[in-house]
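**Student:**
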Amino acid sequence: MRPASRRIVTALAVGLLASLTACAGDGSGADLSAPGPSASAESPPASADATPLAAAPAPPARVRIPRLGLAEDLVDLGIAATGELEVPADPARVGWFAGGGRPGGPGPTVLVGHLDSATGPAVFARVPDLVPGDEIRVRSADGGRVVYVVTRVADFPQQGFPTEAVFGSTPTDSLRLITCTGPYDRAAGRYTENRVVYAEPHSVP
Amino acid sequence: MPSPSRTPSQRLLAAAAAGGLTVAAGVGLAGPAAAETEVDRPSSFTSAFTVNATPDTIIDTEGNPAEGAPGATGTFTFMINSDEEIICYEITTTGVEPPYESPAKTATHVHEANAGEGGPPRLAFPNPTGSGDTRTSSGCLQGPFTTGLEGEDGADTGEGFSLAQIEANPAGFSADTHTAEFPAGAVRGQLTAIPVGGVDTGMGGMAAGNGDQAWVAAGTAAAGLAAVGGLLVWRRRASAGA
Numbered sequence: 001m002r003p004a005s006r007r008i009v010t011a012l013a014v015g016l017l018a019s020l021t022a023c024a025g026d027g028s029g030a031d032l033s034a035p036g037p038s039a040s041a042e043s044p045p046a047s048a049d050a051t052p053l054a055a056a057p058a059p060p061a062r063v064r065i066p067r068l069g070l071a072e073d074l075v076d077l078g079i080a081a082t083g084e085l086e087v088p089a090d091p092a093r094v095g096w097f098a099g100g101g102r103p104g105g106p107g108p109t110v111l112v113g114h115l116d117s118a119t120g121p122a123v124f125a126r127v128p129d130l131v132p133g134d135e136i137r138v139r140s141a142d143g144g145r146v147v148y149v150v151t152r153v154a155d156f157p158q159q160g161f162p163t164e165a166v167f168g169s170t171p172t173d174s175l176r177l178i179t180c181t182g183p184y185d186r187a188a189g190r191y192t193e194n195r196v197v198y199a200e201p202h203s204v205p
Numbered sequence: 206m207p208s209p210s211r212t213p214s215q216r217l218l219a220a221a222a223a224g225g226l227t228v229a230a231g232v233g234l235a236g237p238a239a240a241e242t243e244v245d246r247p248s249s250f251t252s253a254f255t256v257n258a259t260p261d262t263i264i265d266t267e268g269n270p271a272e273g274a275p276g277a278t279g280t281f282t283f284m285i286n287s288d289e290e291i292i293c294y295e296i297t298t299t300g301v302e303p304p305y306e307s308p309a310k311t312a313t314h315v316h317e318a319n320a321g322e323g324g325p326p327r328l329a330f331p332n333p334t335g336s337g338d339t340r341t342s343s344g345c346l347q348g349p350f351t352t353g354l355e356g357e358d359g360a361d362t363g364e365g366f367s368l369a370q371i372e373a374n375p376a377g378f379s380a381d382t383h384t385a386e387f388p389a390g391a392v393r394g395q396l397t398a399i400p401v402g403g404v405d406t407g408m409g410g411m412a413a414g415n416g417d418q419a420w421v422a423a424g425t426a427a428a429g430l431a432a433v434g435g436l437l438v439w440r441r442r443a444s445a446g447a
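Residue numbers (the numbering used here), protein chains in the order written: chain A, 1 to 205; chain B, 206 to 447.
Here it is, written out as structure tokens:
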């Protein structure tokens with residue numbers, strides 16, 4: 001009766017199976033920015049059994065960053081066959097890691113958007129402008145809202161990426177935004193670093 | 206052999222964790238199986254898992270719910286290279302008060318156990334240490350693994366265990382730590398998969414030296430517009446792309 005808990009398992013399973021091509025793998029903007037929805041975003045919630053997340057809060061549905069004028073619905077992301085996090089197939093969309101935390105619950109809610117498409121800025125082009133103190137508002141599918149405040153930003157190399165520091169669980173509610181930064185490796189077809197924006201719920205006065 | 210005092214192997218592991226020493230396989234450890242070795246972090250991983258450990262998930266050895274440490278929390282993050290049989294661990298507990306206690310060689314484990322069920326430890330990690338309420342344990346271990354605990358078949362419960370088993374079914378494994386006050390476990394949680402490696406969130410269209418600087422200029426202007434004029438530009442981008 002709680003589809004939310006099933007969906008997280010389903011999304012994870014789909015993510016593991018899906019071999020979604022990462023955005024810059026072949027450098028071909030045309031087919032990568034085609035309006036094909038990502039596999040995980042479109043997957044129907046199939047039935048799944050045992051889950052430890054019976055009390056999981058509702059999944060996030062929309063993010064708003066007032067200072068950047070950004071307001072976007074979220075698509076589900078899983079883990080690709082490479083082990084990496086999937087990224088939105090469409091550089092204009094923002095995704096969330098469906099196997100991670102949820103607003104209002106423990107663990108980080110991880111939101112991901114492209115810095116750029118093959119031809120210009122993408123949805124998270126200005127996320128690197130965020131600084132501590134900036135607000136990020138997340139609305140959940142059940143209408144719940146959490147206002148987060150940026151606490152710090154950090155850049156990490158994509159080689160030797162500190163998975164623990166970015167995706168590792170936290171005992172309390174937290175939010176992390178990820179996009180690219182640093183030099184673009186044209187041979188590899190991807191940026192060499194990730195910008196990670198860490199945010200915590202706004203403390204209620 | 207339940208005892209709150211540390212065995213020699215525990216001291217060895219603790220020393221290895223603290224000093225970054227290399228423990229030769231099998232040295233000082235009881236049992237016939239070769240024990241894990243403290244190793245450097247490998248250059249790559251095949252998978253990663255995280256655990257949000259809480260006191261309300263404890264199951265005792267009889268399979269019944271048991272009390273954990275009230276108000277305590279724990280996070281366990283594991284990065285695995287199953288080709289090299291290496292597991293790196295980063296463990297943080299808050300409010301879990303030593304002394305640790307377990308019949309295994311340490312009291313901090315990965316058990317093969319579904320949520321709501323008990324199960325044997327397959328991996329034993331150095332117990333978190335630190336001054337104050339928050340304690341940590343981190344490092345990397347290379348198998349073959351032992352737990353120092355004899356299973357029903359008389360073999361060490363880590364014997365024959367392979368990290369690929371975690372990758373095949375992470376939800377079938379839990380992580381916990383046991384103390385004298387909460388011997389069934391102070392905090393516990395199930396493993397969930399998290400991504401490995403960087404996130405490929407760029408296609409290079411804004412990268413310097415992309416050949417067409419006009420795009421960069423246009424992009425900057427568009428971004429500025431979005432900031433000043435609100436959602437309109439971004440909304441259009443979104444709908445055009447969707």
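Think of the CB as a built atom: it goes at the ideal place given N, C-alpha and C, for glycine as much as any other residue.
Starting from T163(A), trace the alpha helix (DSSP H) in both directions and tell me its first and last residue.
**Tutor:** 163–167
**Student:** Between the Cα of S367(B) and those of P349(B), A360(B), G353(B), spot the shortest distance and give me the residue it belongs to.
**Tutor:** P349(B)
**Student:** Closest to A89(A) by CA distance: which of A98(A), R64(A), S117(A), R102(A) is it?
**Tutor:** It is S117(A).
**Student:** Going along the chain, which residues of its own chain have a beta-carbon closer than 8 Å to the beta-carbon of A309(B), five neighbours each way excluded?
**Tutor:** Closer than 8 Å at the Cβ level, and outside the excluded window around A309(B), lie P326, A329, T352, G353, L354, T362.
**Student:** Taking 8 Å as the threshold (C-beta atoms), are T280(B) and G300(B) in contact?
**Tutor:** no
**Student:** Would V146(A) count as contacting chain B if we go by Cβ distances under 8 Å?
**Tutor:** no
**Student:** In this structure, what does DSSP give as the bridge partners for N257(B)?
**Tutor:** T280(B)
**Student:** Using 7 Å as the cut-off, classify the Cβ of D245(B) as near or not near the heavy atoms of the ligand FMN, replying yes or no.
**Tutor:** The ligand FMN is not part of this structure, which contains no ligands at all.
**Student:** Within the 8 Å Cβ cut-off, does D405(B) reach chain A?
**Tutor:** Residue-level contact check: D405(B) touches chain A, since one or more beta carbons of chain A fall below 8 Å from its beta carbon.
**Student:** Extract the residue ranges of the beta strand (DSSP E) inside the stretch 77–159 of chain A, only unbroken runs of 3 or more that lie entirely within it.
**Tutor:** 94–97, 107–113, 135–140, 145–157
**Student:** What does I178(A) reach in chain B if we use C-beta pairs closer than 7 Å?
**Tutor:** Near I178(A) (Cβ distances below 7 Å), the residues of chain B are V404, T406.
**Student:** If you draw a straight line from the alpha carbon of F254(B) to that of P375(B), how long is it in whole angstroms?
**Tutor:** 8 Å
**Student:** Less than 8 Å between CB atoms is the rule here; does G409(B) satisfy it with respect to chain A?
**Tutor:** yes
**Student:** Would you call A98(A) buried or exposed, if buried means 16 or more other Cβ atoms sit within 10 Å of its Cβ?
**Tutor:** A98(A) comes out buried.
**Student:** State buried or exposed for D381(B), treating a residue as buried only when at least 16 other CB atoms are found within 10 Å of its CB.
**Tutor:** Residue burial annotation: D381(B) is buried, with at least 16 other C-beta atoms found within 10 angstroms of its C-beta.
**Student:** Answer with yes or no whether the minimum CB distance from A61(A) to chain B is below 8 Å.
**Tutor:** no
**Student:** What do you get for G107(A), buried or exposed, if any count of 16 or more other CB atoms within 10 angstroms of its CB means buried?
**Tutor:** buried
**Student:** Using Cβ-Cβ distances below 8 Å, what residues of the stretch 105–126 of chain A are close to chain B?
**Tutor:** P106, G107, V112, G113, H114, L115, D116, S117, A118, T119, G120, P121, A122, V123, F124, A125, R126
**Student:** Consult DSSP for L70(A) and reduce its assignment to one of helix, strand or coil.
**Tutor:** strand
**Student:** With a Cβ-Cβ cutoff of 8 Å, do P247(B) and E295(B) count as a contact?
**Tutor:** no
**Student:** Residues of chain A with CB closer than 8 Å to the CB of A271(B), please, in chain order.
**Tutor:** Chain A residues near A271(B): none, gap ~17 Å exceeds 8 Å.
**Student:** Nearest to V87(A) by alpha carbon, out of I65(A), P103(A), D173(A), V110(A)?
**Tutor:** V110(A)
**Student:** Can you pull out the residues from the stretch 73–84 of chain A whose beta carbon lies closer than 7 Å to at least one beta carbon of chain B?
**Tutor:** Taking 7 Å as the Cβ-Cβ cut-off against chain B, the residues of the stretch 73–84 of chain A that qualify are I79, G83, E84.
**Student:** Take every Cβ of the stretch 397–416 of chain B, pair it with every Cβ of the stretch 133–153 of chain A, and state whether three or more of those distances are shorter than 8 Å.
**Tutor:** no
**Student:** Using C-beta distances below 8 Å, list every residue in its chain close to P66(A), excluding the 5 sequence neighbours before and after it, in chain order.
**Tutor:** E135, R137
**Student:** Can you find a CB in chain A that lies within less than 8 Å of the CB of N257(B)?
**Tutor:** Closer than 8 Å: yes.
**Student:** Hey, how far is the Cα of L346(B) from the Cα of A240(B)?
**Tutor:** 10 Å
**Student:** List, in chain order, every chain B residue whose beta-carbon is nearer than 8 Å to that of V87(A).
**Tutor:** Annotation: Cβ neighbours of V87(A) in chain B (cutoff 8 Å, chain order): V404, D405, T406.
**Student:** How big is the Cα-Cα spacing for G27(A) and G276(B)?
**Tutor:** Annotation note: pLDDT 33 at G27(A) (below 50); position unreliable, coordinate value reported separately. Whole-angstrom Cα-Cα distance: 50 Å.
**Student:** Could you tell me the distance, in whole angstroms, from the CA atom of P304(B) to the CA atom of D265(B)?
**Tutor:** Each residue's alpha carbon lies about 18 Å from the other.
**Student:** To which residues does DSSP link A398(B) through a beta bridge?
**Tutor:** A398(B) is bridged to F254(B).
**Student:** Could you pull the DSSP bridge partners for S174(A) from this structure?
**Tutor:** P108(A)
**Student:** Given G113(A), which residues of its chain have a CB within under 6 Å of its CB, disregarding the five upstream and five downstream residues?
**Tutor:** V94, V123, F124, T179
**Student:** Assign A187(A) to buried or exposed, taking buried as 16 or more other Cβ atoms, counted over all protein chains shown, within 10 Å of its Cβ.
**Tutor:** exposed
**Student:** Among residues of its own chain, excluding the 5 on either side of P157(A), which ones have a beta-carbon nearer than 6 Å to its beta-carbon?
**Tutor:** E193
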